[in-house]
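J.:
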Amino acid sequence: MDIKVLVKANFSSLFEKALLDEVSIVAQLKEVKKNDYLIDIGQEMTFIPLIITGAINVFRTDDDGDDYILYFIEGGDTCAMTLNCCMKGAKSEIKAIAERDSELLLIPVHKLEDWLHYKSWRAFVFGSYNNRFVEMLEAVDSLAFMNMNDRILKYLKNKVIANKSEFLKITHNTISLELNTSRVVVSRILKKLEIDGNIKLHRNQIEILDF
């Protein structure tokens, strides 16, 4: 599909016509498959991602090399952590990995400041910062105050939203890695959640009932 058509179809409710025209000129279309890396830690930021379809998970890595999910982004949104790195001219401090097959537009980083005279662009950037800030606070609260049962259930519900399906094809090992816990603990808690009627375990997938 022509980029101009894509931009108009997906961002006309967010940006004024003049900005839509500029986005159409400079944007590059990129397609990523499930589990593909879009951004990695230490990568030099040369683009701003605007999500068209799909969902992207954003992770932060601690000093021990363990990954923690911060948030995910869907169609019509961008990554606030990427914007932050672009503002500072710094290298990426996050990993961004496709939750499912996704399409996005890549915007050259210098356009972040060039377009700030557009009211809709400022609202988009600041709105993204605000939304991601709230989601990161929820992630911190989850780590600090929620027990592992609640963390896993919340994690699964977020996966349902990102995948737009109540059936998740996900392994116990993947859950343990993304929540930085052991596979044995995950398996035990999933069984407890099934007994409690929150989920149903199938072969190679999990059905979320309590949603």
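Residues in the sequence shown are numbered consecutively from 10, following this note's numbering. Backbone N, C-alpha and C fix where the C-beta goes; we use that ideal spot for every residue, glycine too. Treat the numbers as computed from the prediction; the structure is a model and nothing was measured.
Output the distance between the C-alpha atoms of I179 and Q214, rounded to the nearest integer angstrom.
T.: 6 Å
J.: Are there 16 or more other CB atoms within 10 angstroms of the CB of I106, so buried, or fewer, so exposed?
T.: buried
J.: Pick helix, strand or coil for S111, following the three-state DSSP scheme.
T.: strand
J.: When DSSP builds the beta bridges, which residues end up paired with V41?
T.: S111
J.: Counting only runs that start and end within the stretch 126–199, where is the alpha helix (DSSP H) found for 4 or more residues in a row?
T.: Complete alpha helix (DSSP H) runs here, min 4: 128–154, 157–172 and 181–187.
J.: Measuring CA to CA, which of K163, D110 and V143 is closest to I60?
T.: D110
J.: Count the C-beta pairs between the stretch 137–150 and the stretch 77–87 that are closer than 8 Å, then say yes if the count reaches three, no if not.
T.: yes
J.: If you follow the alpha helix (DSSP H) that I12 is in, where does it begin and where does it stop?
T.: I12 to F20
J.: In three-state DSSP terms, what is T87?
T.: coil
J.: Exposed or buried, Y46, counting other C-beta atoms within 10 Å across all chains shown (16 or more means buried)?
T.: exposed
J.: Looking only at its chain, what residues have a beta carbon closer than 6 Å to the beta carbon of D219, apart from the 5 residues adjacent to it on each side?
T.: N207
J.: By how many angstroms is the C-alpha of E144 removed from the C-alpha of A18?
T.: 27 Å
J.: Can you tell me whether M96 is buried or exposed, with buried defined as 16 or more other CB within 10 angstroms of its CB?
T.: exposed
J.: Relative to the C-alpha of D205, which residue among L177, V41, D159 and N172 is closest?
T.: For D205, the nearest C-alpha among the options comes from D159.
J.: Check whether the stretch 118–135 and the stretch 28–38 touch, using three or more Cβ-Cβ pairs below 8 Å as the test.
T.: Under the Cβ criterion (8 Å, minimum of three pairs), the stretch 118–135 counts as touching the stretch 28–38.
J.: Is it true that the CB of F81 sits closer than 7 Å to the CB of E108?
T.: yes
J.: Rounded to whole angstroms, what's the CA-CA distance from L202 to P117? Just pull it up for me.
T.: 45 Å
J.: Please confirm whether A132 and A64 have their CB atoms less than 7 Å apart.
T.: no
J.: Under a three-way DSSP split, which group does E53 fall into?
T.: strand
J.: By a C-beta neighbour count over all protein chains shown, 10 Å radius and 16 as the cutoff for buried, is I78 buried or exposed?
T.: buried
J.: Measure the beta-carbon distance from V194 to M157 and round it to whole angstroms, keeping in mind my assumption that it falls under 8 Å.
T.: 6 Å
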